[in-house]
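S.K.: After the structure tokens below, expect a handful of questions from me.
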Amino acid sequence: MITEIHHKGQLYTIDSSRGIDLSVKNLFDGKNPAFFGANQPSIIPVQSSEFIGDVKQGGTCNVFSASVDIHCTGTHTECISHVNDSNIQVPDVCPSGFISSQLISVSPESADATIDSYHIELSTDLIISKHILEEKIAESHQALILRTLPNMESKKSRNYDKHPAPFFTNDAIDYLNELAIEHLLVDLPSIDKADDGGQLGNHHRFFKQGKTISELLYIPDSVSDGFGFLQIQIPNWGLDAAPSRPIFYPVEF
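Residue numbers for the sequence shown follow UniProt numbering, beginning at 1 and rising by one.
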């Protein structure tokens, strides 16, 4: 289906059947990413005295109950109520249509190579600094999609407790706020250091009502950096976060 989008005085045409899926799905086979000691996604058949929801066990249909740690095992989108006691739910703020976006690829650097600040002491951590973003962001859009290098497929099943991921400096997040980025999407388990003493400092810096963060994406190498339009598909769950499926539509000039 061909869709026309008017953006900043220009008309863009995209083929909605050619969007690129940037998500890591919950597979329920023990091969998902792991973070913060979370359990792998699991399912069990619904069962009663006269019914079992598993055709492999003789049931008439499949009916499963699923257990998923939303924030830790697959692509998800979260909102401000992830870090405060507001009753805002992610469907309230997640955009339903196409939004303008830029995809960038960055090589994280050692924390001792930057003058940027962070809210706890850093040592040999890998970080994404303000300087790195300044070099890569061409102009401000509603959404920023960030791919870290090297971009190995093992991101789809990596144990981030054993192999800590890079994260943003405070200055980098402040810069994104200056650019009025509303929706931040990353292939990391968190925009914060996994253990920052429970502060989630960057989350608090970035989040305002109407903003979202999507984490644990996988962005294929076949997708080039650049401008495009984005859909963030989520189920209608009344929570601070939900599993999500970002779909990117690159625009070629």
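We put the CB at the ideal spot given by N, CA and C, even for glycine. Computed from a predicted structure; not experimentally measured.
For N159 and R18, what's the separation of their Cα atoms in angstroms?
M.R.: Going from the Cα of N159 to the Cα of R18 covers about 31 angstroms.
S.K.: Looking only at DSSP bridge pairs, what is D15 linked to?
M.R.: Paired residue(s): I2.
S.K.: Express the C-alpha separation of S190 and S123 in angstroms, rounding to a whole number.
M.R.: Distance between the alpha carbons of S123 and S190 is about 18 angstroms.
S.K.: Which same chain residues end up closer than 8 angstroms to V251 when comparing Cβ atoms and leaving out the 5 residues on each side of it in sequence?
M.R.: Excluding residues within five positions, the ones whose Cβ falls inside 8 angstroms are Y12, I14, G226, F227, G228, F229.
S.K.: Mapping DSSP to helix, strand and coil, what is G198?
M.R.: DSSP places G198 in coil when its eight states are reduced to three.
S.K.: Can you check which of these residues, G9, I2, F35, is closest to S16 by C-alpha distance?
M.R.: Taking only the C-alpha atoms, the option nearest S16 is I2.
S.K.: Between F206 and L176, which are expected to be in contact by the criterion C-beta below 8 angstroms, what is the C-beta distance as a whole number of angstroms?
M.R.: Rounded, the Cβ-Cβ distance is 7 angstroms, consistent with contact.
S.K.: Does the stretch 37-49 come within contact of the stretch 188-202, defined as at least 3 CB pairs closer than 8 angstroms?
M.R.: With the cut-off at 8 angstroms, the stretch 37-49 and the stretch 188-202 do not touch.
S.K.: How close, in whole Å, do the beta carbons of T60 and V24 come, if the pair is a contact with beta carbons under 8 angstroms?
M.R.: No, T60 and V24 are not in contact; Cβ-Cβ is about 32 angstroms, not under 8 angstroms.
S.K.: With respect to the beta strand (DSSP E) encompassing F249, which residues constitute its N-terminal and C-terminal limits?
M.R.: Before going further, note that residue 249 is Tyr rather than Phe in the sequence given. From DSSP, the beta strand (DSSP E) with Y249 extends over 245-250.
S.K.: Please report the residue range of the alpha helix (DSSP H) in which A172 lies.
M.R.: That run of the alpha helix (DSSP H) goes 170-178.
S.K.: Following the continuous beta strand (DSSP E) through I44, name the residue where it begins and the one where it ends.
M.R.: Run containing I44: 42-45, per the beta strand (DSSP E) assignment.
S.K.: If you drop the 5 nearest sequence neighbours on each side, which residues of the same chain put their C-beta closer than 8 angstroms to that of Y218?
M.R.: Counting only Cβ-Cβ distances below 8 angstroms, and skipping sequence neighbours, we find L22, S23, V24, T75, E153, K155, K156, D187.
S.K.: Any idea if K162 is buried or exposed, counting beta-carbon neighbours within 10 angstroms, 16 or more meaning buried?
M.R.: Per the 10 Å Cβ criterion, exposed.
S.K.: Can you tell which of G201, T114, L184 has its C-alpha closest to the C-alpha of L216?
M.R.: Checked all of G201, T114, L184; the closest Cα to L216 is L184.
S.K.: Can you give me the Cβ contacts of H131 inside the same chain, cut-off strictly under 6 angstroms, excluding the 5 residues immediately before and after it?
M.R.: Result list for H131: empty, nothing under 6 angstroms.
S.K.: Does the Cβ of E135 have 16 or more other Cβ atoms within 10 Å, making it buried, or fewer, making it exposed?
M.R.: Under this definition E135 is an exposed residue.
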